[in-house]
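Undergrad: Residue numbers (full-length UniProt numbering): 219 to 637.
Before I ask anything, here is the structure I am working with.
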Ligand code: GP9
Ligand code: MN
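Okay, structure coming up:
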């Protein structure tokens with residue numbers, strides 16, 4: 219092992235690694251991860267002219283078989299969707315600049331699909347855009363994925379696409395025959411696309427809610443594409459039930475990153491009813507995180523976490539031992555877990571504090587009141603240490619020094635006959 223890897227290891231072992239009570243609760247189940255494009259948590263229960271923007275998700279988060287995390291942040295940087303994928307698969311931070319999917323796809327990883335392969339899982343990704351976008355065709359084999367159903371595996375026409383590619387409703391419809399063909403248990407990821415900046419719909423039929431009227435077009439359209447995506451999730455869940463793919467499956471929904479940047483603070487102040495200071499800006503980096511499975515004991519959790527925690531959380535639920543893994547996240551369901559989210563820009567959130575990395579301002583999390591900067595010193599220090607160690611690990615490709623190296627197999631050719 220290299221000295222640098224030893225340094226990472228000794229830092230991680232000095233941290234609490236709490237055990238979850240739920241270890242193995244969902245052992246052997248199929249996994250369906252759903253990347254919800256640009257979906258921020260403020261949208262949950264938000265209404266436009268009396269109508270819910272996300273009625274499906276609003277019901278889902280209250281379902282008795284749903285765990286809903288309402289203090290969950292994204293960790294993404296410039297790699298956006300792909301950064302979220304990276305962090306969720308590896309429990310490592312994305313890079314301070316650029317997209318790790320494009321800069322470090324040649325690295326050795328120990329990602330969730332690869333780990334689950336040893337448990338007999340088949341893995342696949344579904345996405346209605348070109349396979350080379352974000353270098354996914356190169357990165358997925360490195361993460362251990364077996365299959366990648368991309369644009370060329372779907373019937374994509376001008377009518378059924380908008381913006382970057384296939385619209386979410388036909389995307390999920392056409393995915394059904396593909397998922398049914400997978401060997402079980404499967405570990406899959408569906409990446410939605412329609413609710414992407416600049417949030418456009420091209421068919422009256424897809425418009426299911428009014429725009430808001432802040433006068434900021436981006437913000438006003440945001441609610442319409444969010445409504446459309448929510449509908450696509452609803453139809454997907456129904457189709458999974460009809461196809462008999464629901465009972466043995468755990469559904470994990472996550473927002474990938476913000477959709478509305480700080481350039482839209484004026485309109486967002488109108489939407490949220492409060493001025494957007496650095497405190498509110500940081501709180502707007504929350505994205506929904508939802509785990510749903512029949513039989514799962516559900517509740518809403520306000521524990522502070524982020525995408526870095528998804529890997530250990532899922533693996534623990536599936537009963538996979540992660541103790542010796544190099545991971546920066548912790549199991550969100552562990553009782554004595556530390557409330558913590560470290561964002562890529564150096565912002566840090568705990569149960570007590572919200573620190574904005576850009577303005578370097580420190581706030582009381584409960585009241586939003588600004589505090590002496592020094593109050594946040596300890597957590598800022600911790601965040602810097604963690605981000606630096608994670609970056610060292612990625613830049614130095616340090617996981618290649620782990621013993622059980624395996625050759626990355628190329629993706630299985632995706633047959634096009636389902637067109
Ligand atoms: C592209 C899609 C969007 O295929 O995942 O990527 P983003 O621009 O959000 O990173
Ligand atoms: Mn995205």
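Using N, Cα and C, we set each Cβ at its ideal position, and we do this for glycine too.
Taking the C-alpha atoms as reference points, what is the distance between residue 634 and residue 252?
TA: Counting from one through the chain shown, the residue named residue 634 turns up at place 416. Counting from one through the chain shown, the residue named residue 252 turns up at place 34. Below a pLDDT of 50, predicted positions are generally treated as unreliable, and residue 634, at 49, falls in that range; no measurement from the model is reported.
Undergrad: Could you check the C-alpha separation between residue 462 and residue 390 for me, to the nearest Å?
TA: On the chain shown, residue 462 is found 244 positions in, with the first residue counted as 1. On the chain shown, residue 390 is found 172 positions in, with the first residue counted as 1. Between residue 462 and residue 390, the C-alpha separation is close to 16 Å.
Undergrad: According to DSSP, is residue 546 part of a helix, a strand, or is it coil?
TA: The residue given as residue 546 occupies position 328 in the chain shown. Of the three classes helix, strand and coil, the one that applies to residue 546 here is coil, per DSSP.
Undergrad: Taking 8 Å as the cut-off, is the C-beta of residue 576 nearer than that to any heavy atom in ligand 2?
TA: Locating residue 576 in the chain shown gives position 358, counting from the first residue. Residue 576: no, Cβ never under 8 Å from ligand 2.
Undergrad: May I ask which residues mark the beginning and end of the beta strand (DSSP E) holding residue 579?
TA: For the purposes of this step, residue 579 is identified with residue 361 of the chain shown, where counting begins at 1. Residues 579–582.
Undergrad: Could you give the residue range of the alpha helix (DSSP H) that holds residue 441?
TA: Here residue 441 is taken as the residue at index 223 of the chain shown, counted from 1. Here the alpha helix (DSSP H) through residue 441 covers 435–460.
Undergrad: Is any heavy atom in ligand 1 found nearer than 8 Å to the beta carbon of residue 256?
TA: Residue 256 sits at position 38 when you count from the first residue of the chain shown. Residue 256 Cβ: within cutoff of ligand 1.
Undergrad: Could you give the DSSP three-state label for residue 327: helix, strand or coil?
TA: Translated into positions along the chain shown, residue 327 becomes position 109. Coil at residue 327, not helix or strand.
Undergrad: If you measure from the CB of residue 351, is any heavy atom of ligand 1 nearer than 8 Å?
TA: Here residue 351 refers to the residue found at position 133 when the chain shown is read from its first residue. Within the cutoff, so yes.
Undergrad: Which residue's Cα is closest to the Cα of residue 490: 502, 479 and 496?
TA: For the purposes of this step, residue 490 is taken as residue 272 along the chain shown, with counting starting at 1. The option with the nearest alpha carbon to residue 490 is 502.
Undergrad: How about residue 385 and residue 424: do their beta carbons lie closer than 9 Å?
TA: Here residue 385 refers to the residue found at position 167 of the chain shown. Here residue 424 refers to the residue found at position 206 of the chain shown. It is a contact, given that the beta carbons lie within the stated cut-off.
Undergrad: Quick check on the DSSP output: the alpha helix (DSSP H) that includes residue 497 runs from which residue to which?
TA: Position 279 of the chain shown holds residue 497. Looking at the DSSP string, the run of the alpha helix (DSSP H) that includes residue 497 is 496–501.
Undergrad: Which residues mark the beginning and the end of the alpha helix (DSSP H) in which residue 221 is found?
TA: Walking along the chain shown from the start, residue 221 turns up at place 3. 221–232 is the span of the alpha helix (DSSP H), which, as asked, contains residue 221.
Undergrad: Measuring from the CB of residue 383, is there a heavy atom of ligand 1 at a distance below 8 Å?
TA: Working through the chain shown from its first residue, we reach residue 383 at position 165. Checking the Cβ of residue 383 against ligand 1 gives yes.
Undergrad: What three-state label does DSSP hand residue 365 in the structure shown?
TA: Position 147 of the chain shown, counted from the start, is the residue given in the question as residue 365. Note: residue 365 maps to strand in three-state DSSP.
Undergrad: By how many angstroms is the C-alpha of residue 306 removed from the C-alpha of residue 254?
TA: Taking the chain shown and counting its residues from 1, one reaches residue 254 at position 36. Taking the chain shown and counting its residues from 1, one reaches residue 306 at position 88. Their Cα atoms are separated by approximately 13 Å.
Undergrad: Can you grab the Cα-Cα spacing for the pair residue 574 / residue 395, in whole Å?
TA: On the chain shown, residue 574 is found 356 positions in, with the first residue counted as 1. On the chain shown, residue 395 is found 177 positions in, with the first residue counted as 1. Approximately 45 Å, taken between the alpha carbons.
Undergrad: For residue 604 versus residue 291, is the C-beta distance shorter than 9 Å?
TA: Within the chain shown, the letter at position 386 stands for residue 604. Within the chain shown, the letter at position 73 stands for residue 291. Against a cut-off of 9 Å, the Cβ pair of residue 291 and residue 604 comes out as no contact.
Undergrad: List the residues that DSSP assigns as beta-bridge partners of residue 343.
TA: By 1-based counting over the chain shown, the position of residue 343 is 125. 366 and 407.
Undergrad: According to DSSP, is residue 293 helix, strand or coil?
TA: As a first step, residue 293 is located in the chain shown; it is residue number 75 there, counting from the start. Residue 293 falls in the coil class under three-state DSSP.
Undergrad: Compare the beta carbon distance of residue 553 and residue 238 with 9 Å and say whether it is the shorter of the two.
TA: Here residue 553 is taken as the residue at index 335 of the chain shown, counted from 1. Here residue 238 is taken as the residue at index 20 of the chain shown, counted from 1. Yes, they are a contact pair.
Undergrad: Taking C-alpha atoms, which residue in 383, 358, 590 and 359 lies nearest to residue 369?
TA: Residue mapping note: residue 369 aligns to position 151 of the chain shown, counting from 1. Comparing Cα-Cα distances from residue 369 to each of 383, 358, 590 and 359, the minimum goes to 383.
Undergrad: Where does residue 484 fall in DSSP's three states?
TA: By 1-based counting over the chain shown, the position of residue 484 is 266. Reduced to three states, the DSSP call for residue 484 is helix.
Undergrad: Select from 466, 460, 413 and 456 the residue whose C-alpha is nearest the C-alpha of residue 441.
TA: As a working mapping, residue 441 is identified with position 223 in the chain shown. Taking only the C-alpha atoms, the option nearest residue 441 is 413.
Undergrad: Find the nearest neighbour of residue 587 within the set 571, 595 and 578, judged by alpha-carbon distance.
TA: In the chain shown, residue 587 corresponds to position 369, counting from 1. When each option's Cα is compared against that of residue 587, the closest is 571.
Undergrad: According to DSSP, is residue 426 helix, strand or coil?
TA: What you label residue 426 is simply residue 208 of the chain shown in a count that begins at 1. Three-state DSSP puts residue 426 in coil, outside helix and strand.
Undergrad: Using only the alpha-carbon positions, how far apart do residue 403 and residue 508 sit?
TA: As a working mapping, residue 403 is identified with position 185 in the chain shown. As a working mapping, residue 508 is identified with position 290 in the chain shown. Answer to the nearest angstrom: the Cα atoms are 21 Å apart.
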